[in-house]
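Here is the structure we will look at.
What follows is the structure in structure tokens.
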């Protein structure tokens, strides 16, 4: 019998979990073992109390392996877990907007003198100027709502310098080939995923420049079999984000429905143990695939400005419990456009709440794909 109980394999730890100094993060490893056994943790003798054991260790690496070893008359047993250390963690947030294609369709056809005079980009830039917010726009190759089926290769490169001038706060990334059919990568081949990814990325770099391009933080519907994680990692993916992980809110016949179940398909097919951890802690590190995961807890095209504010404040107030310093807002581009059937007149009011409330609470704007959810302490 040997088990570590204070932390789980893949947990992301930070200053909430122990004592942080310039030397590293000191945490206490606790667990249970046979009372007759001698227990060490990373070679440090543990303090015993009947079946319980504890030992303090210092984390000094980004990714740390913790091994508890118990020796008794029956032999030697060991249990190893991996902890990711979010060094010098700080309050931070990002805004992810999925399904972008209407913007590029209109820019290609209307050819305004400046791209950022378009109401959508102008609205994002205004929020950046007010709050410092950084946005990542996840892009489709094809606009399925367009009668002419606009494709991204028709987007002109005449605005490339504008996008590059705003790349400090605005990034573009792959999302999917198109909005429909739903769940495009739920059970797809690696060749199809790679082809769609490369087609979108190639066009983004062509018309917006390398500075504006970013690896994505998820895929359309957040459904991707682990067998295909390799395809994404080879193309720069570091984290996966989802509003799923066993609790999904979807539009069904115009009504918001909460979908729950034992499977976690909207959430990259992770099993219940990881899903429950994500519901409580919102972040995770997968040692097998070396990927970070995060769970978004609201969608601004579903939640009203008042609901968004209340949810952010509630999450902020329980951060000592969640031990999580990060917030991510997610929404979808098409709700900003008047010609969309589900147009939201208050789209930018909702988005304003996503930016204003974190700023007022002291959260810094980041891109999640940089470092550990926007914390680049290990890169400095």
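Numbering (the working numbering), first residue to last: 256 to 635. Glycine is no exception: its CB is placed at the ideal position from the N, C-alpha and C atoms. In this text the structure is predicted, and so the values were computed from the model without any measurement.
Is residue j closer than 8 Å to residue i when the C-beta atoms are compared?
i, j, result
"residue 494", "residue 546", "yes"
"residue 432", "residue 395", "yes"
"residue 608", "residue 563", "yes"
"residue 529", "residue 349", "no"
"residue 430", "residue 480", "no"
"residue 483", "residue 445", "yes"
"residue 283", "residue 334", "no"
"residue 230", "residue 342", "No answer is possible for residue 230: it lies beyond the span of the chain, which begins at 256 and ends at 635."
"residue 287", "residue 297", "no"
"residue 434", "residue 399", "yes"
"residue 532", "residue 263", "yes"
"residue 419", "residue 467", "yes"
"residue 425", "residue 379", "yes"
"residue 455", "residue 407", "yes"
"residue 582", "residue 572", "no"
"residue 375", "residue 611", "no"
"residue 321", "residue 299", "no"
"residue 603", "residue 549", "no"
"residue 568", "residue 613", "no"
"residue 279", "residue 314", "yes"
"residue 417", "residue 364", "no"
I believe residue i touches residue j by the beta-carbon criterion, under 8 Å. Please report the beta-carbon distance rounded to the nearest angstrom.
i, j, result
"residue 471", "residue 393", "6 Å"
"residue 356", "residue 325", "With 8 Å as the limit, residue 356 and residue 325 do not qualify as a contact, their Cβ atoms being about 57 Å apart."
"residue 439", "residue 475", "6 Å"
"residue 551", "residue 498", "4 Å"
"residue 307", "residue 285", "7 Å"
"residue 619", "residue 293", "So it is not a contact: roughly 46 Å between Cβ atoms."
"residue 580", "residue 344", "5 Å"
"residue 319", "residue 371", "Rounded, the Cβ-Cβ distance is 44 Å, inconsistent with contact."
Which residue or residues does DSSP assign as beta-bridge partners of residue i?
i, result
"residue 257", "288"
"residue 331", "326"
"residue 393", "428"
"residue 273", "Answer by DSSP bridge pairing: none, since residue 273 is not bridged."
"residue 587", "353"
"residue 300", "295"
"residue 374", "DSSP lists no partner for residue 374."
"residue 340", "268"
"residue 468", "427"
"residue 541", "546"
"residue 597", "Partner(s): none; residue 597 has no beta bridge."
"residue 281", "274 and 313"
"residue 308", "286 and 303"
"residue 358", "Partner(s): none; residue 358 has no beta bridge."
"residue 497", "550"
"residue 630", "627"
"residue 319", "338"
"residue 581", "347"
"residue 619", "347"
key: the segment 547-557 in contact with the segment 585-602 per 3-pair CB rule at 8 Å   = Put simply, the segment 547-557 touches the segment 585-602. At least three CB pairs are less than 8 Å apart.
ask   = Below 8 Å, can you find three or more Cβ-Cβ pairs linking the segment 574-584 to the segment 298-307?
value = No: fewer than three Cβ pairs fall under 8 Å.
query = Is the segment 444-464 touching the segment 410-417 in the sense that three or more CB pairs, one from each, lie closer than 8 Å?
reply = These segments touch.
task = Kindly confirm or deny that the segment 261-276 and the segment 537-546 touch, where touching means at least three C-beta pairs closer than 8 Å.
result = Between the segment 261-276 and the segment 537-546 there are three or more C-beta pairs closer than 8 Å, enough to call the two in contact.
task = Please go through the segment 396-459 and give each complete alpha helix (DSSP H) segment of 4 or more residues, from N-terminal end onward.
result = The qualifying runs are 415-420.
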